[in-house]
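Student: Below is one structure. I have some questions about it.
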Amino acid sequence: MHAFPKMEVATVEATQRNLVAMGYNRIRLVFHGGEPLLRGLPFYQQVVEMQARLRQEFPDVMVENGIQSNLKRLTPEWCEFFKQHRFSVGTSLDGWRELHNYYRQYPDGSGTFDDVMRGLEMAKEYGILGGYIAVITDQTLKQDPKAYFDYLVSINPKVELSPCWEMGSPDNKPPYVLEPRDFLNFLKATFDVWLARDDPKLEVRLLHGFMQALLGGRDMTCSFKGNCRDFLAIEADGSVYPCGKFAGIPEFYLGNINTQPLAEVLANPIYATWLANRTDMPPKCQACPWVKTCFNGCTYERYMGNGQFAEVSPLCDVWTGMFEYTDQRIKELQAQMV
1 MHAFPKMEVA TVEATQRNLV AMGYNRIRLV FHGGEPLLRG LPFYQQVVEM QARLRQEFPD
61 VMVENGIQSN LKRLTPEWCE FFKQHRFSVG TSLDGWRELH NYYRQYPDGS GTFDDVMRGL
121 EMAKEYGILG GYIAVITDQT LKQDPKAYFD YLVSINPKVE LSPCWEMGSP DNKPPYVLEP
181 RDFLNFLKAT FDVWLARDDP KLEVRLLHGF MQALLGGRDM TCSFKGNCRD FLAIEADGSV
241 YPCGKFAGIP EFYLGNINTQ PLAEVLANPI YATWLANRTD MPPKCQACPW VKTCFNGCTY
301 ERYMGNGQFA EVSPLCDVWT GMFEYTDQRI KELQAQMV
């Protein structure tokens, strides 16, 4: 069995100190995985003790902690700790039992739905659930959009829709990866369900993102920000990557937070090249009316492997189609208000 490295408190401290040294006064640390609860409660207790010391040094710096877990190991003791120290807890739930369990299974073939729901309900009971991610797969697109949406928000009003996409050629993608045309049709139908609900308490990140990008609000969807400088991935051993989706890909290794200042890590030419892939728009994008709202989608969508990027996002038709559709729906709503 492969033994994965365990993150040490010193790595978390090095990360936080380096961010402060670079002028950041608001920091959000999200402990991800693998499964972060496997690190054990004593580790997180030591983390908050370390952060308490740093607050004395840097009283003007605000640090928020979050954790993304499958919640299988969540207990009341964990919940009390997270509540006391204001950790925001997230998980992944892809829909009702049959839909979620279709791809999310244990090695013995049993589904993970019951464990996720048990942990999710416990997190809600303690008031620590920040939201959850619903991954949209080929199986999702076979569902009725209204039934799917209604189910998701009945579990929790804050949910992030995350399209399933993997790097590589469209010719050899696995079956769970989305077909763009089907995905666009599903998104349009789901968007209409969301609009019809007209409930400000429902925070569905991807759908909000389309609307906010067009209305000039603060877009919560990183894919449409046009700026990938706000996110870094720090592996357990301190290895730094430009984004969580690129973590562990050797071509995008930037350095190590334990042995190098962050400024030096980010001066790596690999980072500059990676950012250029985000900011340099190809001719098709430059001529597109939605370039300032789409920004060619998420960089990872275009990654083909071996350090190579497609010029235009393979989900281009999805994003431009949704911005066109959202713009149309906004105009219809405005006309009704006259």
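Just so we're aligned: the sequence shown equals residues 1 to 338 in UniProt numbering. No residue lacks a Cβ here, since even glycine has one placed at the ideal position from N, Cα and C.
#1: Locate the alpha helix (DSSP H) running through Ser92, then write down its first and last residues.
#2: With DSSP as the reference, label Met62 as helix, strand or coil.
#3: In whole angstroms, give me the CA-to-CA distance for Trp78 and Lys72.
#4: Which of the three DSSP states is assigned to residue 402 in this structure?
#5: How about Pro282 and Val312: are their beta carbons less than 7 Å apart?
#6: Look at Asn25 and Val61 and say whether their C-beta atoms are less than 7 Å apart.
#7: Whose CA, out of Val89, Pro5, Glu49 and Gly109, lies closest to the CA of Leu120?
#8: Could you tell me which residues DSSP puts in a beta bridge with Ala68?
#9: DSSP on Asn101, reduced to helix/strand/coil?
#10: Leaving aside the five residues before and after Pro42 along the sequence, list all residues of the same chain whose C-beta is less than 6 Å from its C-beta, in chain order.
#11: Under the DSSP definition of a beta bridge, which residues are partnered with Leu161?
#12: Could you tell me which of Glu35, Gln68, Val20 and Leu74 sits nearest to Glu57, measuring between CA atoms?
#13: Identify every residue that forms a DSSP beta bridge with Ala236.
#14: What does the alpha-carbon distance come out to for the pair Met50 and Ala14?
#15: Hey, Ala247 and Ala233 are a contact pair by Cβ (cut 8 Å); roughly how many whole angstroms apart?
#16: Could you tell me the boundaries of the alpha helix (DSSP H) in which Leu214 lies?
#17: Helix, strand or coil: how does DSSP classify Met337 here?
#18: Counting Cβ pairs, one atom from each stretch, are 3 or more of them under 8 Å apart for the segment 145-158 and the segment 191-203?
#19: With C-beta atoms as the reference, is Asn277 less than 7 Å away from Phe309?
#20: Going by CA-CA distance only, name the one from Leu99, Cys164 and Thr91 that's closest to Gly130.
#21: Compare the Cα-Cα distances from Gln68 to each of Val240, Thr326 and Ala123 and report the closest residue.
#22: Between the alpha carbons of Phe231 and Ser223, how many angstroms are there, rounded?
#23: I need the boundaries of the beta strand (DSSP E) containing Ile27, first residue and last residue.
#24: Which residue wins for smallest C-alpha separation from Asn185, given the options Lys173, Tyr126, Gly307 and Trp319?
#25: So is Ser239 buried or exposed if we call it buried at 16+ other beta carbons inside 10 Å?
#26: State the DSSP-derived secondary structure class of Leu254, mapped to helix, strand or coil.
#27: Can you give the Cα-Cα distance for Arg302 and Asn101, rounded to whole angstroms?
#28: Answer with buried or exposed for Phe113, where buried requires no fewer than 16 other C-beta atoms within 10 angstroms of its C-beta.
#29: For Ala10, report the span of its alpha helix (DSSP H) as first-last.
#30: With a cut-off of 8 Å on the beta carbons, I'd call Val47 and Val12 a contact; round off their distance for me.
#31: Look up Tyr176 in the DSSP assignment and say whether it is helix, strand or coil.
#32: By Cβ distance below 8 Å, which residues in the same chain neighbour Arg329 in space, the five residues on each side in sequence not counted?
Tutor: From the atom records:
#1: Where Ser92 is concerned, there is no enclosing alpha helix (DSSP H), although the beta strand (DSSP E) it sits in stretches over Phe87 to Ser92.
#2: strand
#3: 12 Å
#4: No answer is possible for residue 402: it lies beyond the span of the chain, which begins at 1 and ends at 338.
#5: yes
#6: yes
#7: Val89
#8: For clarity, residue 68 is Gln in the given sequence; the question names Ala instead. According to DSSP, which records beta bridges pairwise, Gln68 is partnered with Gly90.
#9: helix
#10: none
#11: Ala134
#12: Val20
#13: DSSP lists no partner for Ala236.
#14: 11 Å
#15: 4 Å
#16: Arg205 to Leu215
#17: helix
#18: yes
#19: yes
#20: Thr91
#21: Ala123
#22: 12 Å
#23: Arg26 to Phe31
#24: Trp319
#25: buried
#26: coil
#27: 28 Å
#28: buried
#29: Val9 to Ala21
#30: 5 Å
#31: coil
#32: Phe191, Asp192 and Leu195
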